Every structure is written in structure tokens, then in C-alpha cells.
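Inspection log for the structure reproduced underneath, given as C-alpha cells.
Residue numbers (the working numbering), protein chains in the order written: chain A, 72 to 327; chain U, 72 to 327.
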């Protein structure tokens, strides 16, 4: 079993080694710029950790893990555009539209989504790509609810906007490992709890979302519940889940 | 064999009957708005006509044909945005960003691309979706070359920007019909010529692209050559190609 840090290094190395469609030409620079801007890589690490705990080779799961990260990155590039959140910086560097221009950022986001699908389609089982595209549609629906202020149901909003891609990270790991549908439930429930936990901690750190609606003690209480349930779900799966348990702790206790 | 008009009606009916991911919520209105704004539907009709000429049922090919049209539509929605061409009208109606706002238009384009992939993934053969995603990346690369003015090689630019999706329309029809790779060459060469012809006629009608670079007589001469070669390629395939021959004429002699 590799540690979470080793999995993160494997993700970074794989992302650096990715070859994009040659027809993208110079647009590739924008893709590399944003993909090499770092980030926590929590989704691809989760995907790899699930795949390895479920018995797959990490190498076999890398395209799926990278595909999830590319979908996440596509959403950030489009989110940062002036028409959306209008953020000039991301991870301490100029956003893609500041560095390359708005139209290139728009096309770079489109290309990242398409490249993500290409990676997911490198598997012969079409269910890998289906799972990713379904999650992407859920995420887009969540972004739309967010910008239209249709966020009365904050849990439902986050289940789409953040949760669907966390769920897909777990789901892709399971599919790559060949875990039958009938055995997937506890793994998937674990992914749902981890996604909720990630969002709660995010909101506590940023002081928005749940942290704007509820007293901080109450948000922390909900987060503790999600942490507990995530651990319990891992009790229900076979395989070495030590790395996944470490991920739960890392998400629960992160400070940035 | 259905006529081109009958195939177009089948496409329109299928697009109207499409169900989108329920999680898109109210964003679905923007997708329906743009998909029901009409258009020539040349790409999906081409896909269906190839599939039927190659021995497939039209019904079996409809998801693939619609997938190509959704990719085309996604590119129009993003192209019309202020960051790109800044077009307020499309087909005589307000563009999506005028009717629904810029952020909704951005997300609607993203959703159309994802829904296109979902349709292509309704086939168990992943080569259908792979062909579509590869063509999409080529098209995006062409759009980027276009906005950066890197269009010294106009034939190469159009082969990406228009040609790749025409080629995919043919390719998806062949894959849905189960035509083996070794027998695909003349069909694909036909698609390449038809895509070039479509672009040349477009440029003559709009007075841009080729029509800006070359004397009109010369553009017409190149178009005649593409028409001739498209017909010749159809001589090399087995099956009833009468509808495809009619499409070549319709593209060559269209006036709007």
C-alpha cells in the first residue's frame, strides 16, 4: 500500500506526463499552466486510494484519477471567469483568463473537460466514462443553482456541487478495480460522507456556506457526525482501508 | 431509405424528446431554448444518412447523430459569448447569453458537451464516444487557432474547426453500423470532402475565410473539385448512397 503522500506524488507525475491532443496546438500551454498550479489533489488521491484498497494497481487507476482532477480543474477555470466569480487569482497565481485571456480560458476549460472524457474512455468499460459524465452534469447543475441563488437547500446544493465529484472519485476507483455493483454500497456511502465533510470544513475555513447559516458549533457537530459515519462505512468494506482512514483524518483536521 | 427531409424530421423529433440529467434543474431551459432554435442539422442528418446507407437502423443511430449536434451547439453557445465573438443573435433569436445571462450560457455550453458525451456513451462500444471526443478536441484547437489569428494555413484551420465534426458525423454513422475499420476509408474521405465543401460554400455566402483570401472564381473552382471528389468517393462504397449524393448537391448549391 502506498501512503497518501506517495499517491499524491504519483498523481503529480502522471499529470506532468499527460499528452494532450496535438490539435490543441498552443492552447496546451493554458492547460499545463493550470494543471501544474498545484492544489490538494484530494479527488485523484481518493480515487487511487479506493482503487488500491479494492485491489487494483495504482498504475491502472491513474487515468481515471487524472480524469476526475481534470473535470475539477475545468470547473475552476470556468468558475474564475469574469462572467462567473471573476477571480483574478487561484492558488497564488493569476487565473487562466488573466494569464492567457478570456477566450483562451473558456476554450481551455472546454478542452480540459474533453481531455477528461478522453482519459475516462481509455478504459474499455464504458461505465467508467458514464460515471464521470453523470457526475459532471450533477456538478454543473449545482453550479447553476449556486449562481441563481437557488440554494435554500444547502445540503442538496453541496451534494451536487462538491459531492458528485467526490462520489465519482470513489466510483471510478471501484469500477477500475472491478468491484461488482452489489458490493459498492458501503464504499459509495463513505464517499458521500467524505464529500460532505470536505465541504463543511471548507465552509468553516472560508466562513461561508454552512458557516454563514448555522452557529459554528453546530457546523462542527455536523462535521463530527460525517467523520464518524465515514469511518463506520469503512468498517463495512473488505481490504486494507488504512490510507482511506488517514484521508478522513486529513480532511477533518485540515487547516487550509 | 428515408429522404434527407425525413431524416431531418427524425432528428428534430429526437432532439425535442431528449431527456437531460435531472440535476441540471432549471438550466435545462437554456439547453432546450438553443436546441429548439432550428438550424440546418446537416451534421446529424449526415450521420443518419451514412448509418442507413451502411446498413444500420436510423433509430439505432439517433443518439449518435444527436450527440454530434449537441457538440456543434455547445460550440455555438460558447462562440457567441462576449469573450469570444460577442454575437447577440443566432438564427434570428437572442443568443443564449442574452436570453439567460452570461454565466448560464457558459454552464449551458458545458452541459451540452457533457450531455453529448452521455449520448455517445449510450452505446456499449467506447469507440463511438472516443471518436466524438477526439473530434471535439480538434474543433476546440481550431477555434483557438481562429481567435489567435494563427490562420495562415486556412485549409488546416478549417479541417479542424469545421472538418473534424463533419468527419465525426461520418465516423459515428460507420461505427454505429458496425463497418470494419478496413472498409471505412472511402466513407471517411467522402466526409472530408463534404466538410471542405460546406466550409467553402459558407465562406462564399458570408464573404469571409477563403472568399477573403482568393478570387471568387478560384474558391468556386476549389469547391467544384471537392464536390467532384465527394461524389467519386461514394462510387467506392457499397450500399445505397442516393441520399448522401443528394446531400452533396444540397451543400454545393445551398444559398443560405
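Don't be surprised by glycine CBs; every beta carbon is placed ideally from N, CA and C.
From a predicted model like this one, the values you see are computed outputs, not experimental measurements.
Taking 8 angstroms as the cut-off, the Cβ atoms of residue 169 of chain U and residue 105 of chain U do not count as close. Counting along the chain, the unbroken alpha helix (DSSP H) around residue 213 of chain U starts and ends at 197 to 218.
Short of 8 angstroms from the beta carbon of residue 173 of chain A, and not among the five residues preceding or following it, lie these beta carbons of its own chain, in chain order: 152, 153. Note on geometry: alpha-carbon atoms of residue 316 of chain A and residue 231 of chain A lie some 24 angstroms from one another. If you draw a 10 Å sphere on the C-beta of residue 240 of chain U, you find 16 or more other C-beta atoms in it, and that means buried.
Assignment of residue 115 of chain A by DSSP, reduced to helix, strand and coil, places it in the helix class.
Taken through DSSP and simplified to helix, strand or coil, residue 87 of chain U comes out as helix. Shown in chain order are the members of the region 167 to 188 of chain A whose Cβ falls below 9 angstroms from a Cβ of chain U: 168, 172, 173, 174, 175, 176, 177, 178, 179, 180, 181, 182, 184, 185, 186, 188. Membership of residue 104 of chain A in the alpha helix (DSSP H) is indicated by the continuous run 99 to 106. Chain A has no Cβ within less than 8 angstroms of the Cβ of residue 72 of chain U. Beyond the five residues adjoining it in sequence on each side, residue 74 of chain A comes within less than 7 angstroms, by CB distance, of 314 in the same chain, given in chain order. At least 8 angstroms separates the CB of residue 302 of chain A from every CB of chain U. Checking the DSSP bridge columns, you'll see residue 164 of chain U partnered with U:161. Between the C-alpha atoms of residue 236 of chain U and residue 118 of chain U there is a straight-line separation of about 10 angstroms. Contact annotation: residue 246 of chain A and residue 277 of chain A have beta-carbon atoms that are not nearer than 8 angstroms.
The residue among U:260, U:296, U:150, U:250 with its C-alpha nearest the C-alpha of residue 271 of chain U is U:296. Taking residue 228 of chain A as the centre and dropping the five residues before and after it, the same chain places the C-beta of 213, 216, 217, 222 closer than 7 angstroms to its C-beta, in chain order. Around the beta carbon of residue 202 of chain U, 16 or more other beta carbons sit within 10 angstroms, so the residue counts as buried. With a contact defined as Cβ atoms closer than 8 angstroms, residue 182 of chain A and residue 89 of chain A miss out at about 12 angstroms.
Here residue 256 of chain U is exposed, its C-beta having fewer than 16 other C-beta atoms within 10 Å. Residue 284 of chain A has a beta carbon lying at 8 angstroms or more from every beta carbon in chain U. Distance between residue 298 of chain A and residue 320 of chain A, taken at the CA atoms: about 8 angstroms.
Taken through DSSP and simplified to helix, strand or coil, residue 240 of chain A comes out as helix.
Per DSSP, residue 289 of chain A is one residue of the alpha helix (DSSP H) stretching across 287 to 306.
Straight-line measurement puts the Cα of residue 251 of chain U at about 11 angstroms from the Cα of residue 258 of chain U. Around the Cβ of residue 84 of chain A, a 10 Å sphere holds fewer than 16 other Cβ atoms; the residue is exposed. Cβ-Cβ distances below 7 angstroms link residue 79 of chain U to 112, 116 in the same chain, with the five nearest sequence neighbours on each side left out; the list follows chain order. For residue 204 of chain U, the chain A residues whose Cβ falls inside 7 angstroms of its Cβ are 185, 188, 189, 192, in order along the chain. At a cut-off of 8 angstroms, the C-beta of residue 293 of chain A has no neighbouring C-beta in chain U.
Among the residues facing chain A, residue 131 of chain U is not included, as its CB has no counterpart in that chain under 8 angstroms away. Per DSSP, reduced to three states, the secondary structure at residue 309 of chain A is coil, with no helix or strand assignment.
Residues of the same chain with a CB within less than 6 angstroms of the CB of residue 149 of chain U, apart from the 5 flanking positions on each side, are 180 in chain order. Here residue 270 of chain U carries a helix assignment [DSSP, helix/strand/coil].
Per DSSP, residue 134 of chain A is one residue of the alpha helix (DSSP H) stretching across 129 to 150. In this structure, the beta-carbon distance from residue 204 of chain A to residue 81 of chain U does not fall below 8 angstroms. Between residue 125 of chain U and residue 248 of chain U, the C-beta gap is smaller than 8 angstroms, which places the two residues in contact.
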